[in-house]
Amino acid sequence: MTVLAPPARVVVRTGTGFAVASMTCVQLGLAVSVGLADEIGALGVVWLRLAWAGLILLVLAHPAVTATMRSAARRVTGRPTEPDVRTPISRSGLIGAIALGVVTAGVTLLFMLAVARLPLGTASALEFLGPLGVAVFRGRSVLWPLVAGAGVLLLTSPWQSDVDLVGVAFALGAAACWAGYILLTQHVGDEVSGLRGLAISMPVAGLVATLVAAPSAIGSMTPGIVVTGLFLAVLLPVVPFVLEFLALRRLTTAAFGTLMSLEPAIAVLVGFVLLHQAPGWTALAGIAMVVTAGIGAERSGAR
Numbered sequence: 165m166t167v168l169a170p171p172a173r174v175v176v177r178t179g180t181g182f183a184v185a186s187m188t189c190v191q192l193g194l195a196v197s198v199g200l201a202d203e204i205g206a207l208g209v210v211w212l213r214l215a216w217a218g219l220i221l222l223v224l225a226h227p228a229v230t231a232t233m234r235s236a237a238r239r240v241t242g243r244p245t246e247p248d249v250r251t252p253i254s255r256s257g258l259i260g261a262i263a264l265g266v267v268t269a270g271v272t273l274l275f276m277l278a279v280a281r282l283p284l285g286t287a288s289a290l291e292f293l294g295p296l297g298v299a300v301f302r303g304r305s306v307l308w309p310l311v312a313g314a315g316v317l318l319l320t321s322p323w324q325s326d327v328d329l330v331g332v333a334f335a336l337g338a339a340a341c342w343a344g345y346i347l348l349t350q351h352v353g354d355e356v357s358g359l360r361g362l363a364i365s366m367p368v369a370g371l372v373a374t375l376v377a378a379p380s381a382i383g384s385m386t387p388g389i390v391v392t393g394l395f396l397a398v399l400l401p402v403v404p405f406v407l408e409f410l411a412l413r414r415l416t417t418a419a420f421g422t423l424m425s426l427e428p429a430i431a432v433l434v435g436f437v438l439l440h441q442a443p444g445w446t447a448l449a450g451i452a453m454v455v456t457a458g459i460g461a462e463r464s465g466a467r
């Protein structure tokens, strides 16, 4: 029986839904991380999240676990699932997955170092230059990326504070890693079937974070903190990375990069609901612009 491919609009909307759900999980995870950072430091939280995430992805990608998940999905939906065809991982896919792990650790660690020296708005605006650059150079139109960039500037208002040049360097490094993350995630998703790409990249990210951050945080570890880190790793980064993996199999890197502009708006919403941080009129104008850009990207984002 011939299986028809879903319409492009359905594919784009599905990819957009995955991307928005991913960003929501990220912001919820960051909000939950605040208390834990007071105990083991910001870099300690990053290390704990990435180390647990690497172990979780190794387990999820195991053939026995994958078969169980497919069987459960078949029982719930009543529909047959695609067979898990485990073709050998190509050299290109393996190198890409390892590089993805390095930039995953890089964007997380460098952003936390930038936030330690810069206001969060300034760091966020500088970091967003990564996906915005991908959207501009890989896209067919620069309109939505420019609207998104202007909205992020209004939302974060980086001009309101003095700038630390070392902090700026950290934020720009995070931006470069984020751009590489977007490009490599799509490449690995195309080259490696299932979650095997993440099962390689996340342990690499955990190893890099361990080498960088573990020495300063290991002395503060307690059983309670370790368990909390496990639950936090599921919320951030395991679920978001899986969702982004799925999104980039359905969207162009340009559309995905522009959609990432919605993250500051989601951050404001999460901050308002959970942390009671009310945005000003400038921030609300920025939210309107990035949402508009996100909708525009969604309408022209099919691969």
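In this note's numbering, the protein residues as written are 165 to 467. C-beta: ideal position from N, C-alpha, C; glycine also.
With DSSP collapsed to three states, give me the class of residue i.
i	result
L415	strand
T241	Per-residue confidence for T241 stands at a pLDDT of 47, beneath the threshold of 50, marking its modelled position as unreliable; the derived number appears in the next sentence. If DSSP states are grouped into helix, strand and coil, T241 belongs with the helices.
V306	coil
M424	coil
A452	helix
T178	helix
L359	coil
G208	helix
G193	helix
F301	helix
V432	helix
F505	Absent from the structure is residue 505, since the part of the chain shown begins at 165 and ends at 467.
P401	helix
P252	coil
Any idea if residue i is buried or exposed, counting beta-carbon neighbours within 10 angstroms, 16 or more meaning buried?
i	result
P309	buried
V306	exposed
G444	exposed
S380	exposed
S256	exposed
V223	exposed
L375	exposed
G199	exposed
W211	buried
F395	exposed
M165	Only weak support is given to the placement of M165: the predicted model assigns it a pLDDT of 44, under 50, and the value that follows is read from those uncertain coordinates. M165 is exposed by the Cβ-count criterion.
R360	buried
T241	Low confidence applies to T241: its pLDDT is 47, below 50, so where it sits in the model is not reliable, and the reading given next is rough at best. T241 is exposed by the Cβ-count criterion.
P387	exposed
I346	buried
R173	exposed
Using CA atoms only, rank isn't needed, just tell me which of the options is closest to residue i.
i	options	result
A225	L336, V279, I204, P367	P367
A429	R213, R302, G315	G315
V434	A185, W216, V176, R177	A185
A369	L347, V198, A183, I262	I262
T349	L317, L277, T392, V267	V267
F334	A378, I389, G270	G270
Would you say residue i lies against chain B (beta-carbon separation less than 9 Å)?
i	result
A431	Given the protein chain composition of this structure (a single chain), no chain B is represented.
Along the alpha helix (DSSP H) that carries residue i, what are the first and last residues, could you check?
i	result
T386	First-last for T386: undefined, no H or E at that position.
H351	329-355
G257	255-281
With hydrogens ignored, establish whether the beta-carbon of residue i is closer than 8 Å to any heavy atom of the ligand SAH.
i	result
V390	Only the bare structure without any ligand can be found here, which leaves the ligand SAH out of the picture.
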